[in-house]
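So the structure is just underneath, and the comments pick up after that.
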Amino acid sequence: MKPIVKKLVTLSVASVLSLFLLGALGLLGLYIYLNPRLPEIDTLRDVKLQVPLRVYARGGELIAEFGEMKRIPLEYQDYPPLLVKAVLAAEDDRFFEHPGVDYQGILRAAWHLVRTGDKGQGGSTITMQVARNFFLSREKTYLRKLNEIFLALKIEGELSKEDILELYLNKIYLGKRAYGFAAAAQVYYGKKPAELTLAEMAMIAGLPKAPSRYNPVVNPERALIRRDYVLGRMRELAYIDEAAYVAATAEPVHAEVHGIDPDLEAPYVAEMARNRMVERFGETAYTAGYRVYTSIDARLQKAATRALREGLLAYDRRHGYRGVETHMERFGAEDPDDIGAWQAALDEIPTTGNLVPAVVIQLEEQSAWAWTRDGNVAYLPWEKISWARKYIDDNHVGPELEKAAEVLRPGDIIYVAPATAGCHWLAQKPQVAGALVALAPRDGALQALVGGFDFYTSKFNRATQAKRQPGSSFKPFVYTAAIDKGYTAASIINDAPVVFDAPGLEDTWRPENYSGNFYGPTRLRQALIKSRNLVSIRLLRDIGIGYAVRYVRRFGFNRAGLPRDLSLALGSGVLTPLELATAYAIFANGGYRGQPYLI
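Taken in order, the sequence shown gives residues 0 to 598; the numbers are from numbering that gives the first Met the number 0.
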C-alpha cells in the first residue's frame, strides 16, 4: 500500500472512531444531564390506572359502569399467551431479547430518516411505549425520543419483562374509548381475552399502531389487512403453524361495538349510586376505579322489576288499546315481504322496558305473527290480542273484539311483550307510571328499587323523587298516634255522617266512606281493617292535628309534606314511596326506625 493511501485510511479510521467516541460521550453527557430530570420509575410499581366506576349488587352482580375510559386491568398471567404473542408479533418481537431499546430498530429508523427525511418511522419498543404512555407526550421531537430511550433503559433496570408487558397490555389505547386489551376484547367482541379466537386476537393486536385507521368497526377493509399482517408475522416467528394461519385468515371481520353487559338490570339504583359517588369524590369518581357494592338483592331486584312492569301493563290493558305505533308505509317500504325493510324500520323504534318493537307479517282470524326487532318471529294468540278493545277515555273502552283484523293489519308496527314460551302479548307503552321499593326492616338496607317502567324512557326516579298522596296507606300512622294518646284497638268511634263548613273551605266538605255507607259505632281495629274514612277523620279531630303531625314525624316524614287539616287522616299529604316504605318498616321492626341505606 502506498504511504499516502495508508495515511488516508488511518485518518479515516481515526475520524470514524473519533466521531463514534464523541457521539458516545455526547450521549453519556446527555444521560448524565437528563437522568436527574427523568421521572421516578417506582411509580410504575403501584400504578393507578384510570378505571371506570362500577356498581354492584350485594352478591357481586355487576349493575352498571360509568366513565369515559373503558378499562379492565388484568394481571400478566391472566392474559392468554397467544394474545401476548400476537402483540409481540405486531409491536416488538425482540422484546424478551433487547434491554428496552432495540438498536437494530433505531438504526433502521435512522436510515429511513437519512433516505426520506421522514422522522415518523418507529424503532419504538414496547418498553419505550410504556415510557411514553406513562411519562411523556406524543410529540415527535429528538429530545422526547432521547428521554424515551433513557426512560426505557431505566424501566428495564427496575422492572421485570412481565411487569412491563402487564403495564402495556392494560394501558394502551385501542379505539372506541377502550384502554387495554381486556377492554378492547369486550368493546369489539363482547368477550373476555381468554374467549377470543386467534383472528380476533390478531385484530386487536394490530390496533396500537393506529387505533382509528385500523378500527375493525369503522374501517373493516384496512383492519383486515392489518390483522392478516399480524397473523403473517406470527407464522414467520413460529408462534402459529400454517393450518392455524390459514384458518384465522379465512375468518371474516365481525367486530361490532358492545356496551357493558350488566348481570342485573337496576339502572335507577346505578344512578343513585353514581350521584352519591360524584357528590363525595367529584369527577375522580369516574376514573379512580371505585367498586361500589350496594345492598341490593339480585333475586328481589329481578322480581321487583318484573312485578312492576307486569302490573303496569296489566293496568294499562284494562283501559283499552290506543292503537299501533305506526305502519311500514311511513318508511316507504314497497315490498311487504322485504325482511331488510322490516329490520330498517324497527331499528328506528326504541325498545322500552320489556317491550320489543315488531312488524305484523301475517294475520289469521284470531291470531297474528310478527317479526321482532331482534330478528325472531313472535306468535300472538287470541287471548293475548282480545284485550285490545278501543280506548275511549279513562273509564270507557270500545266493544269486545271478534277477530284480529279489527285491531291489526300486515305492516303495522306494534310492541310485543314476552308471555309464556312461544307466545307474546300485543302490548303498548303504558301511560301510567309506578315505582317499587323494598327494604329490610331491621337495618334499612334497600333490597330492591325500581323507579319506573323504563329508565331510558324516563330517568325520573319515582321511588325517591315522586311525591304523591299516600291515601289510606297513611291511616295506620294516625291510628298509632291515637293509641299512644290513650286509645286502644277496642275503642269505639261512631261511623256517621259529618259536615265541615269552615271559612277556609270554598265548599262544604262532606267526606264519605269509599262504599258510600255509614256503619255506626265501630271499634278502632275494625275501622282500620276496613279503612273507614269517617272514623279516621273523627279520630284525628279528637287527638288534634298538631299533635298528630308532630307524632307522625317520628316515622321520618317531612313536615312540609303534611297538611294541617283533617284531610291528613285520609292521606292528603305528599310522600315518596321510599318514605312510606321506611315508615312501614318501623312497624315490622317492633317500633325501631332503621335509616334506609343503599351503599
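We treat Cβ as the ideally placed atom computed from N, Cα and C, and that holds for glycine.
Beta-carbon proximity of residue i to residue j, cut-off 9 Å
| i | j | result |
| --- | --- | --- |
| Gly443 | Gln342 | no |
| Arg441 | Asn532 | no |
| Ala181 | Asn169 | yes |
| Val129 | Tyr167 | yes |
| Val252 | Met202 | yes |
| Asp494 | Gly519 | yes |
| Val436 | Leu577 | yes |
| Leu307 | Pro469 | no |
| Arg212 | Arg221 | yes |
| Leu173 | Pro210 | yes |
| Ile175 | Asn214 | A quick correction: the sequence has Lys, not Ile, at residue 175. Yes; because the gap between Cβ atoms is below 9 Å, this pair is in contact. |
| Gly599 | Val359 | With the chain covering only 0 through 598, there is no way to say anything about residue 599. |
| Arg53 | Tyr289 | yes |
| Leu81 | Ile338 | no |
| Leu438 | Ala265 | no |
| Ala547 | Leu523 | no |
Residues that DSSP places opposite residue i in a beta bridge
| i | result |
| --- | --- |
| Phe65 | Leu52 |
| Ser366 | Glu363 and Pro380 |
| Tyr414 | Pro356 and Ala426 |
| Lys389 | Tyr320 |
| Val436 | Leu448 |
| Phe499 | Trp508 |
| Gly519 | Asp494 |
| Tyr596 | Ala444 |
| Arg290 | Arg53 |
Close Cβ partners of residue i (< 8 Å) along its chain, the five nearest in sequence each way excluded
| i | result |
| --- | --- |
| Ala416 | Leu312, Asn353, Leu354, Val355, His423, Trp424 and Ala426 |
| Glu155 | Pro98, Gly99, Thr126 and Ile163 |
| Leu263 | Ala56, Glu60, Leu61, Ile62, Ile295, Ala297, Gln300 and Lys301 |
| Asn512 | Asp494, Tyr518, Arg531, Asn532 and Leu533 |
Through-space distance from residue j to residue i, alpha-carbon basis
| i | j | result |
| --- | --- | --- |
| Leu206 | Ala151 | 22 Å |
| Ala198 | Thr419 | 40 Å |
| Arg408 | Ala369 | 11 Å |
| Tyr285 | Tyr292 | 15 Å |
| Arg372 | Asp346 | 7 Å |
| Ala269 | Thr581 | 20 Å |
| Leu448 | Ala462 | 7 Å |
| Ala287 | Asp45 | 14 Å |
| Asp101 | Ala237 | 21 Å |
| Leu445 | Phe459 | 18 Å |
| Val497 | Pro562 | 20 Å |
| Gln464 | Glu282 | 24 Å |
| Phe94 | Glu64 | 34 Å |
| Phe454 | Glu309 | 16 Å |
| Pro380 | Thr304 | 25 Å |
| Ala434 | Asp315 | 15 Å |
| Tyr244 | Val83 | 16 Å |
| His395 | Arg279 | 51 Å |
| Asn557 | Val323 | 43 Å |
Cβ shell of residue i (< 6 Å), same chain only, five flanking positions each side left out
| i | result |
| --- | --- |
| Glu165 | Tyr75 |
| Gly193 | Note on residue identity: the sequence assigns Ala, not Gly, to residue 193. Same-chain partners within the cutoff: Pro79. |
| Tyr591 | none |
| Gly22 | Confidence is the limiting factor: at Gly22 the pLDDT is only 47, short of 50, which leaves the residue's position unreliable, though a coordinate-based value still follows. Answer for Gly22: no residue qualifies. |
| Tyr550 | Ala480 |
Cβ-based neighbour list, residue i, same chain, cut-off 7 Å, excluding 5 preceding and 5 following
| i | result |
| --- | --- |
| Ala404 | Leu362 |
| Ile71 | Gly179, Ala181, Ala182 and Gln185 |
| Gln365 | Trp381, Lys402 and Ala403 |
| Thr248 | Asp227 and Leu230 |
Test: residue i CB closer than 9 Å to a CB of chain D
| i | result |
| --- | --- |
| Ala272 | Judged by its chain identifiers, the structure shown contains no chain D, having just a single protein chain. |
Proximity test, residue i beta-carbon vs the ligand SAM heavy atom, cut-off 8 Å
| i | result |
| --- | --- |
| Ala297 | Only the bare structure without any ligand can be found here, which leaves the ligand SAM out of the picture. |
Any 3 or more C-beta pairs closer than 8 Å across the region 478-486 and the region 523-543 | Contact check between the region 478-486 and the region 523-543: three or more CB pairs, one atom from each, fall below 8 Å, which counts as touching.
At least three beta-carbon pairs within less than 8 Å, the region 378-388 to the region 323-331 | Flag = no, the region 378-388 and the region 323-331 do not touch.
Should the region 463-479 be regarded as contacting the region 549-567, the criterion being three or more beta carbon pairs within less than 8 Å?
-> Yes, since at least three Cβ pairs between the region 463-479 and the region 549-567 fall closer than 8 Å, the two stretches touch.
Quick check: the region 85-92 against the region 228-246, are there 3 or more CB pairs under 8 Å?
-> With a cut-off of 8 Å, the region 228-246 and the region 85-92 count as touching, because enough Cβ pairs lie within range.
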